[in-house]
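Reviewing the structure listed below.
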Amino acid sequence: MIKTHPLHGSNKLKLGVFSTNADGGLAITDVPERWTASWQDNLTAAQIADRAGLEFMLPIARWRGFGGRNKVREWSFETFTWAAALAVATEQIGLFMTVHVPLVHPLYAAKALATVDHISQGRAGLNIVCGWNPKEFGMFGTPLVEKGYDQAAEWIEILEKLYASDQPLDYEGTYYRLKEAVSRPASLQVPRPVTMNAAFGGPGRDFAAARCDYLFTTFSEMSDAGKHVADISERADKVGRNVGVYTVAHVVCRPTMEEAQAYYTTIAAEMAAIAGHGYQGIALSFVNYTRELPYFCDHVLPLLRQAGLRG
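Residue numbering for the sequence shown follows this note's numbering, starting at 33 and increasing by one per position.
Below is the structure:
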């Protein structure tokens, strides 16, 4: 039985957890409670988010770290197998996989993504990343192509065609050539699992507008937040599509209850402001997810419900 993907749910502001699969999460810090990204911690964080009704888990894809004393993000779990494992340990939360297009063949991705979609009963999601650190790609002997989003357009086209028919596929493109390719089962979600593209520049936004369901992007000033939504909406309108916009927020806990209560209110107000600028969802990051996420769920989620952003 296929479930409705949580990103298609009724909450005005969708919330997820970002980067638990990598050492440090998003924080580069020496504090004793820094995130070690053990499997047990990943499992616990996902189950906390699942029980609280959050909509998604979004991992990063890393192949080497930044070096230094802590070798930040050198320890990270591969995202297809990570999502498959979490699928059997959760009930309702959406589970994204993050893929570097130049490193993962679309035929393999189609099979792996469909596998997770079946295990999770339709809760899989795909976060598409076209470019990244050349040093990491160099580990594979894979250079970055000049027009990465042209490659990504072929990549997603192949994946969708593989799902659309059980007949062998011949494909001749600039970046991929397939001969009598098949991939069964297809995903439970039609025409494919929900897709997100992490991009800030124009080519990435054009790709998201044309081929994805959501754009994942950032902004530095709240006063500029609405401009990014307007930009992607304009690009999507030109191709007759509607694309949701998601962003990231780092949540910091406070040492005393008085400070924390004031900060919870501030967090809720800022999230309401982000939603007011047209963002459909936020991926949350913490210094230590298993310690801090319960406080967020207990104290901030009720304020977001009061604000009418969540049911």
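Note that the Cβ used here is the ideal one computed from N, Cα and C, for glycine as well.
Candidates the options, of which the one nearest residue i by Cα
{"i": "Arg243", "options": "Val271, Glu123, Met171", "result": "Val271"}
{"i": "Trp114", "options": "Gly100, Ser152, Ser215", "result": "Ser152"}
{"i": "Trp95", "options": "Thr147, Arg101, Pro138, Val131", "result": "Val131"}
{"i": "Ala27", "options": "Ser255, Phe318, Lys193", "result": "Residue 27 lies beyond the stretch modelled for the chain, which goes from 33 to 343, so this question has no answer here."}
{"i": "Arg224", "options": "Tyr207, Gly170, Leu201, Thr147", "result": "Thr147"}
{"i": "Asp330", "options": "Ala300, Tyr311, Trp187", "result": "Ala300"}
{"i": "Tyr296", "options": "Asn274, Gly308, Val283", "result": "Val283"}
{"i": "Trp187", "options": "Tyr207, Gly310, Ala196, Ser197", "result": "Tyr207"}
{"i": "Gly56", "options": "Arg342, Tyr321, Ile80", "result": "Tyr321"}
{"i": "Phe248", "options": "Trp164, Gly205, Ile314", "result": "Ile314"}
{"i": "Asp149", "options": "Lys35, Asp269, His309, Tyr311", "result": "Lys35"}
{"i": "Asn274", "options": "Ile306, Tyr311, Thr298, Ala305", "result": "Tyr311"}
{"i": "Ala121", "options": "Ala78, Arg209, Gln221, Ala307", "result": "Ala78"}
{"i": "Val49", "options": "Ile80, Asn165, Asn43", "result": "Ile80"}
{"i": "Pro166", "options": "Ala156, Glu324, Leu201, Gly97", "result": "Gly97"}
{"i": "Phe328", "options": "Ala93, Ala281, Val277, Leu201", "result": "Ala281"}
{"i": "Ala240", "options": "Gln199, Val161, Val222", "result": "Val161"}
Limits of the alpha helix (DSSP H) - the one that residue i falls within
{"i": "Asp73", "result": "71 to 84"}
{"i": "Ser215", "result": "Looking at the DSSP string, Ser215 is not in any alpha helix (DSSP H), and its letter there is neither H nor E."}
{"i": "Val148", "result": "138 to 151"}
{"i": "His132", "result": "Counting along the chain, His132 falls outside any alpha helix (DSSP H), though it belongs to the beta strand (DSSP E) covering 126 to 132."}
{"i": "Phe328", "result": "321 to 331"}
{"i": "Phe169", "result": "166 to 170"}
{"i": "Asp238", "result": "234 to 243"}
{"i": "Ala118", "result": "Ala is not the amino acid found at residue 118; the sequence shown has Leu there. From DSSP, the alpha helix (DSSP H) with Leu118 extends over 111 to 119."}
Three-state secondary structure (DSSP) of residue i
{"i": "Lys179", "result": "coil"}
{"i": "Val283", "result": "coil"}
{"i": "Ile314", "result": "strand"}
{"i": "Asp269", "result": "helix"}
{"i": "Met254", "result": "helix"}
{"i": "Leu210", "result": "strand"}
{"i": "Trp341", "result": "Sequence inspection shows Leu at residue 341; the Trp mentioned does not correspond to that position. Looking at Leu341 - three-state DSSP - the assignment turns out to be coil, as it is neither helix nor strand."}
{"i": "Leu58", "result": "coil"}
{"i": "Val222", "result": "coil"}
{"i": "Val275", "result": "coil"}
Range covered by the beta strand (DSSP E) that runs through residue i
{"i": "Ala156", "result": "156 to 161"}
{"i": "Ala54", "result": "Where Ala54 is concerned, there is no enclosing beta strand (DSSP E), given that its DSSP letter is neither H nor E."}
{"i": "Ala230", "result": "226 to 230"}
{"i": "Phe88", "result": "88 to 90"}
{"i": "Leu45", "result": "Taken as a continuous stretch (DSSP letters only), Leu45 belongs to no beta strand (DSSP E), as it is neither H nor E."}
{"i": "Glu204", "result": "201 to 204"}
{"i": "Leu247", "result": "246 to 248"}
Distance between beta carbons of residue j and residue i, contact taken as under 8 Å
{"i": "Glu87", "j": "Gly154", "result": "At roughly 14 Å, the Cβ-Cβ gap does not stay under 8 Å, so Glu87 and Gly154 are not in contact."}
{"i": "Phe109", "j": "Asn159", "result": "That pair is no contact at about 14 Å."}
{"i": "Val226", "j": "Leu39", "result": "5 Å"}
(message) Whether or not the region 174 to 190 and the region 230 to 247 are in contact is what I'm after, with contact meaning three or more pairs of Cβ atoms, one per stretch, closer than 8 Å; do they touch?
(response) With the cut-off at 8 Å, the region 230 to 247 and the region 174 to 190 touch.
(request) Give a yes or no on contact between the region 57 to 71 and the region 291 to 310, applying the rule of three or more CB pairs nearer than 8 Å. (result) With a cut-off of 8 Å, the region 291 to 310 and the region 57 to 71 do not count as touching, because too few Cβ pairs lie within range.
(message) If contact is defined by three or more beta carbon pairs under 8 Å, each pair taking one atom from either stretch, is the region 256 to 267 in contact with the region 205 to 222?
(response) The region 205 to 222 is not in contact with the region 256 to 267.
(request) Would you be able to state if there are at least three C-beta pairs under 8 Å between the region 165 to 176 and the region 249 to 257? (result) Because the criterion of three Cβ pairs below 8 Å is not met, the region 249 to 257 and the region 165 to 176 do not touch.
(message) Measuring CB atoms only, is the region 74 to 86 touching the region 105 to 125, in the sense that at least three cross pairs come out at less than 8 Å?
(response) The region 74 to 86 is in contact with the region 105 to 125.
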